[in-house]
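These notes are about the structure you will find just below.
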Amino acid sequence: MKERWPVIDTHYHTGVCLINTFDAENELIPWMDKNGVDIQVIFQVNEGFVHRTPDWNPYIGNDYISKIQKKFPDRVIGLCTINPWHQAPKTYNWPKAKYGRRMNLPIKDEALDELERSILELGLWGIKLHPLEHDFEINNKHIIYPMMQKLADLQKESGRRLFVVVHCAGDSVNNTPTQLAQVAADFPEILFLMAHAGYMRSFGTAGDVAEGIDNLKLNLTLNVTPTTLKHAYEKEGAEKFVIGTDGPFDLATTKRMIVRDLVGDGDEEAVEMVMGGNMAKYLGIPKIRYEV
Ligand SMILES: [Zn+2]
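Residue numbers (the working numbering): 1 to 292.
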């Protein structure tokens, strides 16, 4: 008997909509098997995302993600997607005469309620944030920090280790690596994955700003030029990295090539850690035993 860490793909868009017609109930496991993925992290397609699964399309929304996770509990880890703008103002800012007074209109913190429902009732493992598509600054203390605080509380309550995936290619002023590093430093109890780290406009900053922040991992998803993070790899080692595919859109085979390109030849243990060992350790998932 031998042992190996599971391959955990941290990035996969799930849901049937205009730009993605991949039926996860039937297609996901064969896709994973074909591409050598043991455990798949899934979340919604970015475009047209919703909180709860609506009547008009039962193949989108957080309930759908949970449904897929429940169908394949050993193979799938689901994250919720939530519109962070759906929160109640805490105080009045207009009219001026009421400035600073406590908000007393009956408005709910729908985003926080949905986060709680997603973790405790739906059993999801955290949240996917897309600051570019969904239009918020990732380090906005009035919008994002209450959600991160809530997630930290839910982590304690659920007894599970939760995590946050952030689209962080630096491709807008909403989602630079520098902003995400600030959030991760402010919530050390939660794991953050900087998706597309070192790619596009996160070139040159992703590795530097993440340095020394242990709960911020560089997620190599789609970074086809991983030499941009070579410096970070030499300084912090394989422990700092995770990988994903951005499936089903991308060619899944690129993920191992990206990892090998970063790690170099010969260090199989480092490859195994980036391919899934680091995530498995964090989530408390054991090694896979197999016969040779
Ligand atoms: Zn993606």
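The beta carbon of each residue, even a glycine, is placed where N, CA and C say it ideally should be.
Problem - Presumed contact (8 Å Cβ cut-off) between residue 237 and residue 221, rounded CB distance - result: No, residue 237 and residue 221 are not in contact; Cβ-Cβ is about 19 Å, not under 8 Å.
Handout entry: For residue 62, the nearest candidate out of 22, 13, 38 and 182 (CA to CA)
Key = 13
Problem - Where the alpha helix (DSSP H) through residue 70 begins and ends - result: 62-71
Problem - the stretch 182-195 in contact with the stretch 224-240 per 3-pair CB rule at 8 Å - result: no
Handout entry: Assigned secondary structure, residue 3 (DSSP; H/G/I helix, E/B strand, else coil)
Key = strand
Exercise for the section: Could you tell me which residues DSSP puts in a beta bridge with residue 281? Expected result: In DSSP, residue 281 forms no bridge with anything.
Handout entry: Pair within 8 Å by beta-carbon distance, residue 111 and residue 87
Key = yes
Exercise for the section: Could you tell me whether any non-hydrogen atom of ligand 1 is closer than 7 Å to the CB of residue 134? Expected result: no
Problem - Backbone secondary structure at residue 290 - three-state DSSP - result: strand
Handout entry: Residues of its chain near residue 118, where Cβ-Cβ distance is below 6 Å and the 5 sequence neighbours each way are ignored
Key = 62, 80 and 124
Problem - The beta strand (DSSP E) enclosing residue 191, as first and last residue numbers - result: 191-195
Practice task
Give me the Cα-Cα distance between residue 169 and residue 209, rounded to the nearest whole angstrom.
Solution key: 13 Å
Exercise for the section: Run the CB neighbour count on residue 227, radius 10 Å, all protein chains shown included, and call it buried at 16 or more, exposed below. Expected result: exposed
Exercise for the section: Please confirm whether any heavy atom of ligand 2 lies closer than 7 Å to the CB of residue 275. Expected result: Only ligand 1 can be found as ligands here, which leaves ligand 2 out of the picture.
Practice task
Give a yes or no on whether the minimum CB-CB distance between residue 67 and chain C is below 8 Å.
Solution key: This model lacks chain C altogether; it includes just one protein chain.
Practice task
Compute the distance between the beta-carbons of residue 166 and residue 192, then report whether it is under 8 Å.
Solution key: yes
Exercise for the section: Return yes when the C-beta of residue 246 is under 7 Å from any heavy atom of ligand 1, and no when it is not. Expected result: yes
Practice task
Within 10 angstroms of the Cβ of residue 97, are there 16 or more other Cβ atoms? Answer buried if so, exposed if not.
Solution key: exposed
Exercise for the section: Figure out for me which residue from 121, 200 and 252 has the closest Cα to the Cα of residue 157. Expected result: 121
Problem - Selected residue, minimal CA-CA separation from residue 105, among 89, 256 and 132 - result: 89
Practice task
For residue 266, count neighbouring Cβ atoms within 10 angstroms of its own Cβ and tell me buried if that reaches 16, exposed if not.
Solution key: exposed
Practice task
Mind checking who residue 13 pairs with in its DSSP beta bridge?
Solution key: 43
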